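Working notes for the structure below.
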């Protein structure tokens with residue numbers, strides 16, 4: 005379990021670093037906050053899907069923790085630095101991800117409860 009925790013933290017760290025690097029090379033360094041929030045939300049959705057599929061409770065708990073950290077980052081850090089369009093994009097994308105996660109938990113609650 006510790007190995008998988010370190011593996012997923014490393015994957016998320018590398019993906020975040022690559023996203024920041026790609027956005028910096030493209031000439032839009034101010035939009036990395038938007039991209040990081042969306043990337044972390046998508047990765048947490050991926051972890052929830054993987055946790056449901058493989059019956060791994062720690063993956064689902066880690067994904068919910070990552071999504072919580074993303075929402076806290078969004079509310080306390082990103083809101084003050086993003087313009088209105090960027091805020092709208094982030095809130096809509098994370099809201100859609102929350103709806104998908106809720107749908108997955110309701111659809112596969114018989115697998116989760118086992």
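Numbering (our numbering), first residue to last: 5 to 118.
Cβ coordinates follow ideal geometry from the N, Cα and C atoms, glycine included.
All of these numbers come straight from a predicted model, not from anything done at the bench.
Here residue 16 is near residue 47, since their CB atoms are less than 8 angstroms apart.
DSSP, read as helix, strand or coil, puts residue 86 in coil.
Here residue 117 is exposed, its C-beta having fewer than 16 other C-beta atoms within 10 Å. When only Cα atoms are considered, residue 92 and residue 70 end up about 21 angstroms apart.
Taking a cut-off of 8 angstroms for Cβ pairs, the segment 76-85 and the segment 21-30 do not touch, as fewer than three such pairs fall below it.
Residue 101 and residue 40 have their C-alpha atoms roughly 14 angstroms apart.
Under the three-state reduction of DSSP, residue 32 is assigned to coil, being neither helix nor strand. Only residues of its own chain outside the window of five on either side were considered, and among them 51, 54 and 55 have a CB closer than 7 angstroms to the CB of residue 63, listed in chain order.
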